[in-house]
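Inspection log for the structure reproduced underneath, given as structure tokens.
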Amino acid sequence: MSEHQNTPGTGTARFPDDVVARLEPDAKEIIARYPRARSALLPLLHLVQADEGHVSAAGMAFCADQLDLTLAEVNAVATFYTMYRRGPGGDYQVGVCTNTLCAVMGGDEIYSSLKEHLELENGGTTEDGKVTLEHVECNAACDFAPVVMVNWEFFDNQNPETARNLVDDLRLGKDVAPTRGAESVCTWKQASRVLAGFDDGRGGEGVQAAGPSLAGLKLARERGWRSPPSPSTNPQTTPSAQSPSDPNDLPTRPSEEEGGAQ
Amino acid sequence: MTTLTPILSENWDRADSYTLEGYRATGGYQALRKALDTEPDALVDLVKQAGLRGRGGAGFPTGMKWGFLPADNPKPRYLVVNADESEPGTCKDVPLMLANPHVLLEGIAIAAYAIRSHQAFIYVRGEVLHVVRRLRQAVAEAYEAGIFGNDVLGSGFDLEVVVHAGAGAYICGEETALLDSLEGYRGQPRLKPPFPAVAGLYASPTVVNNVESIASVPGIVANGAEWFTAMGTEKSAGFGFFSLSGHVANPGQYEAPLGITLRELLDMAGGMRPGHELKFWTPGGSSTPIFTDEHLDTPLDFESVGQAGSMLGTRALQLFDETTCVVRAVGRWIAFYAHESCGKCTPCREGNFWMVQVLDRLERGEGTEADIDKLLDICDNLLGRSFCALGDGAASPVMSSIKYFRQEYVDHYEKGGCPFDHTRSTLWGDRATTTGGNQ
Chain A
1 MSEHQNTPGT
11 GTARFPDDVV
21 ARLEPDAKEI
31 IARYPRARSA
41 LLPLLHLVQA
51 DEGHVSAAGM
61 AFCADQLDLT
71 LAEVNAVATF
81 YTMYRRGPGG
91 DYQVGVCTNT
101 LCAVMGGDEI
111 YSSLKEHLEL
121 ENGGTTEDGK
131 VTLEHVECNA
141 ACDFAPVVMV
151 NWEFFDNQNP
161 ETARNLVDDL
171 RLGKDVAPTR
181 GAESVCTWKQ
191 ASRVLAGFDD
201 GRGGEGVQAA
211 GPSLAGLKLA
221 RERGWRSPPS
231 PSTNPQTTPS
241 AQSPSDPNDL
251 PTRPSEEEGG
261 AQ
Chain B
1 MTTLTPILSE
11 NWDRADSYTL
21 EGYRATGGYQ
31 ALRKALDTEP
41 DALVDLVKQA
51 GLRGRGGAGF
61 PTGMKWGFLP
71 ADNPKPRYLV
81 VNADESEPGT
91 CKDVPLMLAN
101 PHVLLEGIAI
111 AAYAIRSHQA
121 FIYVRGEVLH
131 VVRRLRQAVA
141 EAYEAGIFGN
151 DVLGSGFDLE
161 VVVHAGAGAY
171 ICGEETALLD
181 SLEGYRGQPR
191 LKPPFPAVAG
201 LYASPTVVNN
211 VESIASVPGI
221 VANGAEWFTA
231 MGTEKSAGFG
241 FFSLSGHVAN
251 PGQYEAPLGI
261 TLRELLDMAG
271 GMRPGHELKF
281 WTPGGSSTPI
291 FTDEHLDTPL
301 DFESVGQAGS
311 MLGTRALQLF
321 DETTCVVRAV
331 GRWIAFYAHE
341 SCGKCTPCRE
351 GNFWMVQVLD
361 RLERGEGTEA
371 DIDKLLDICD
381 NLLGRSFCAL
391 GDGAASPVMS
401 SIKYFRQEYV
411 DHYEKGGCPF
421 DHTRSTLWGD
431 RATTTGGNQ
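For the protein sequence lines, the chains are A and B, in the order given. Under the UniProt record's numbering, the first sequence has 7 at position 7, and the numbering climbs by one with no breaks. Under the UniProt record's numbering, the second sequence has 3 at position 3, and the numbering climbs by one with no breaks.
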């Protein structure tokens, strides 16, 4: 089923020596993080994807050489995980969530609008090489539905119009800012390098939290709701309405563990 | 009345909440100092006494998991944090790691010390780039501050922590599949026993805990078990995130004691979107059988939700109103399970594949009565017949939706099509048609 293939009769595809020389120090650094070398395989695949934009036969051969594995062993892993592209794609991977909740909230409409706007089918790339369109599964931002991901950065609460503007801006080379993420979207290759475990220094960019993430906290602040006070600062606990058996609601007696903690 | 208890989210409205400085300014890492002056076994007992249960869905007691590590095994011990948040509807760990990664790291340091592990891994799903950045930045800060590395805060305890990004596979949220993935293999679940406590990562004793479980530990250490059990119910102690999404006026994260009800949460979240009514909802993600408005007063704790026929899961409350077609919703979930089945077990791999075909034709109005029976028959062959819970999870929405909404399945083939206008369900469905539509 794999789209990775060795060219028949020509042996295994390989990176040129200069590419190997460039990637090898990074590969060694990745391998050194783990007690056992093979654990480095997923980040190594992210690393070769960062170099080529996808995981090629040569990229897999590089990983196999670094870890003393067979190409078949690497291929079996590379084809299991959906984040590894099996062929060239765009600088920006635009993923529209069409799992149930986002689909119902408008993800289906966004996705069909983008397919029509870009004249692409699932997995297709625009002719200018900028945008690859796909539908993705739940990306853990359901309270911001419908969600669109660009190179795995969050674009929350989208609709067909904002999504069309988003891909237009990406194709025009404008700086595009995720809702919760870095100040601008990086390229697919740059993102893959971060996933391989090489920092781009952008962890401090963007908001700490936004909108729905703060909904409960905001309400609690307005209404003066707090967690029970710590016994060390205030012996009185707030009885919980949901505690049918709450015999110890005056925890002034230090527990054995707390005693041990002193 | 139950009120919210912001604990892990308490500092999220500080702009610097994700930095070491910001975390320390709100009392961060004081629990670690206290823990390092405590005997490790006493910390395990403390977490047992608090009754903390796994926040990743299964609800297994965290302290017991720690206590299962065999004392006589000479191999290194590993702590693995499951940050592969992928269950449809579940969206709590990602905002937690974005806004407050250090509470997780403090929990890791305490947990590793408690189980006598010197190597921890955070397995984070790869599809959340900025979370990976934030985690790596926080880990780097922690190393620099002497919180990780050799001689943690001068205690003589050594701890290495590695952030490991996955590559897109829901199944890796299953703890043994996660371990295979972390070892560099395809993420396929292992047969248990042996459990990870005996033979986990590299066949060594391993604890795998969810992000929120580990992040809950510093509060327990700082404030004691009784502080924790003052929240929640007797058997479902403490607090957790309740993640409201869908057709609710104010979706988002609501941190509350376990045992709160959806009626209370909905009241806090401003109710359903104006002019609409609750039709069905998931209490804990797509793998938990759906509920209806009959269950508004079911306490959201492990026992009560179980008794009502579902599971508390990850407290991922996806709310759907009367505009939503249940056949479409379930069909999309099953397409997800079919896509994410690792292929190891035949009932899951084949059952989900065929359920997608049957649900698609039902949704198109081309099904028959026999298709409903066929779905139930497939579920009967799925439930309990695969290595891991993915197969069981797929049966949940199908069986529960037929239980509560059988007539809606019938309506589809009797009317020759889906009786719902899907555009009415969208975020902009109630607004003037200025944003959606064709160009």
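Positions of the beta carbon are idealized from the N, C-alpha and C atoms, including for glycine.
**Prompt:** Is the Cβ of A/Leu-47 closer than 7 Å to any Cβ of chain C?
**Reply:** Among the protein chains in the structure shown, which are A and B, there is no chain C.
**Request:** In angstroms with no decimal places, state the Cα-to-Cα distance between B/Leu-383 and B/Pro-193.
**Result:** 19 Å
**Extent of the continuous alpha helix (DSSP H) to which A/Met-83 belongs** = Per DSSP, A/Met-83 belongs to no alpha helix (DSSP H) and is neither H nor E.
**Prompt:** Leaving out five residues before and five after A/Arg-193 in sequence, what residues of the same chain have Cβ atoms less than 8 Å from its Cβ?
**Reply:** His-46, Leu-47, Ala-50 and Asp-200
**Message:** Could you compute how far the alpha carbon of B/Asp-293 sits from the alpha carbon of B/Gln-318?
**Reply:** 13 Å
**Request:** Assign B/Phe-60 to one of two classes, buried (16 or more other C-beta atoms within 10 Å of its C-beta) or exposed (fewer than that).
**Result:** exposed
**Asked** Would the beta-carbon of A/Leu-67 fall within 7 Å of that of A/Arg-38?
**Response** yes
**Request:** Would you please verify whether the beta carbon of A/Asn-234 is less than 7 Å from any beta carbon of chain B?
**Result:** Note that A/Asn-234 scores a pLDDT of 46, beneath 50, so its modelled location is shaky; the value from the coordinates is reported in the next line. It does not; no Cβ of chain B falls within 7 Å.
**Item:** Euclidean distance between Cα positions of B/Ala-140 and A/Gly-204
**Value:** 12 Å
**Request:** Within 10 angstroms of the Cβ of B/Leu-104, are there 16 or more other Cβ atoms? Answer buried if so, exposed if not.
**Result:** buried
**Item:** Candidates A/Arg-14, A/Gly-95 and A/Gln-158: closest to A/Met-149 by CA position
**Value:** A/Gly-95
**Prompt:** Along chain B, which residues have their Cβ under 8 Å away from the Cβ of A/Leu-23?
**Reply:** Per Cβ cutoff of 8 Å: no residues; A/Leu-23 is ~18 Å from chain B at best.
**Message:** Taking the alpha carbon of B/Thr-373 as the reference point, which residue from B/Leu-182, B/Leu-359 and B/Ser-386 has its own alpha carbon closest?
**Reply:** Strictly speaking, residue 373 of chain B in this sequence is Asp, with Thr absent from that position. If we check each option's Cα against that of B/Asp-373, B/Leu-359 comes out closest.
**Asked** Is it buried or exposed for A/Arg-223, if we count other Cβ within 10 angstroms and need 16 for buried?
**Response** Answer is exposed; the Cβ neighbour count stays below 16.
**Item:** Contacts of B/Tyr-185 in chain A (Cβ-Cβ under 7 Å)
**Value:** Val-77
**Prompt:** Just reading off the alpha helix (DSSP H) that A/His-135 is part of, what are its end residues?
**Reply:** In the DSSP annotation of this structure, A/His-135 is not part of any alpha helix (DSSP H); the continuous beta strand (DSSP E) holding it starts and ends at 131-136.
**B/Leu-191, buried or exposed, once every other Cβ within 10 Å from all chains shown has been counted against 16** = exposed
**Message:** Does chain A have any CB closer than 7 Å to the CB of B/Cys-91?
**Reply:** At least one chain A Cβ lies under 7 Å of B/Cys-91.
**Message:** Does the CB of A/Glu-183 have a neighbour CB from chain B at under 7 Å?
**Reply:** For A/Glu-183, not one C-beta of chain B is nearer than 7 Å to its own C-beta.
**Asked** If B/Leu-262 and B/Trp-281 are in contact, beta carbons under 8 Å, what's the gap, nearest whole angstrom?
**Response** 7 Å
**C-beta neighbour in chain A for B/Gln-223, strict 7 Å** = It should be pointed out that residue 223 of chain B corresponds to Asn in this sequence rather than to Gln. Closer than 7 Å to the CB of B/Asn-223 there is at least one CB belonging to chain A.
**Item:** Contact list for residue 265 of chain A against chain B, beta-carbon separation under 8 Å
**Value:** This structure cannot speak to residue 265 of chain A, because chain A is shown only from 1 to 262.
**Request:** Tell me where the alpha helix (DSSP H) around B/Asp-373 begins and ends.
**Result:** B/Asp-373 -> alpha helix (DSSP H) spans 369-382.
**Prompt:** Applying the criterion that 16 or more other CB atoms from any shown protein chain within 10 Å of the CB defines a buried residue, is B/Asn-73 buried or exposed?
**Reply:** exposed
**Request:** Could you have a look at A/Lys-189 and say whether DSSP puts it in helix, strand or coil?
**Result:** helix
**Prompt:** Under a Cβ-count criterion, where at least 16 other Cβ atoms within 10 Å of its own Cβ denotes burial, should B/Met-399 be classed as buried or exposed?
**Reply:** Around the Cβ of B/Met-399, a 10 Å sphere holds 16 or more other Cβ atoms; the residue is buried.
**Contacts around B/Gly-56, its chain only, beta-carbon distance under 7 Å, and the 5 residues preceding and following it disregarded** = Asn-82, Asn-210, Ser-213 and Thr-314
**Prompt:** Grouping DSSP H, G and I as helix and E and B as strand, with all else coil, what is B/His-276?
**Reply:** coil
**Message:** Here's the rule: buried if 16 or more other CB atoms are within 10 angstroms of the residue's CB, otherwise exposed. What is B/Gln-407?
**Reply:** exposed
**Item:** For B/Val-47, the nearest candidate out of B/Glu-255, B/Gly-173, B/Met-64 and B/Ser-341 (CA to CA)
**Value:** B/Met-64
**Request:** Give the DSSP-derived three-state secondary structure of B/His-164 in the structure shown.
**Result:** DSSP places B/His-164 in strand when its eight states are reduced to three.
**Prompt:** Residues of chain A with a CB under 9 Å from the CB of B/Leu-218: which are they?
**Reply:** The amino acid occupying residue 218 of chain B in the given sequence is Pro; Leu does not appear at that position. Within 9 Å Cβ-Cβ: nothing; B/Pro-218 doesn't reach chain A, min ~12 Å.
**Prompt:** How big is the Cα-Cα spacing for B/Asp-93 and B/Gln-253?
**Reply:** Taking C-alpha positions only, B/Asp-93 is separated from B/Gln-253 by approximately 10 Å.
**Asked** Using a C-beta cutoff of 7 Å, does A/Thr-237 count as contacting chain B?
**Response** Confidence at A/Thr-237 is low in this model, with a pLDDT of 39, below 50, so the placement of that residue should be treated as unreliable; the coordinate-derived value is given next. Answer yes: the Cβ-Cβ gap between A/Thr-237 and chain B drops below 7 Å somewhere.
**Asked** If contact means a Cβ-Cβ distance below 7 Å, which residues of the stretch 57-78 of chain A contact chain B?
**Response** Ala-76 and Val-77
**Prompt:** Which residue's Cα is closest to the Cα of B/His-276: B/Thr-288, B/Leu-266, B/Gly-285 and B/Arg-53?
**Reply:** Nearest option by C-alpha distance: B/Leu-266.
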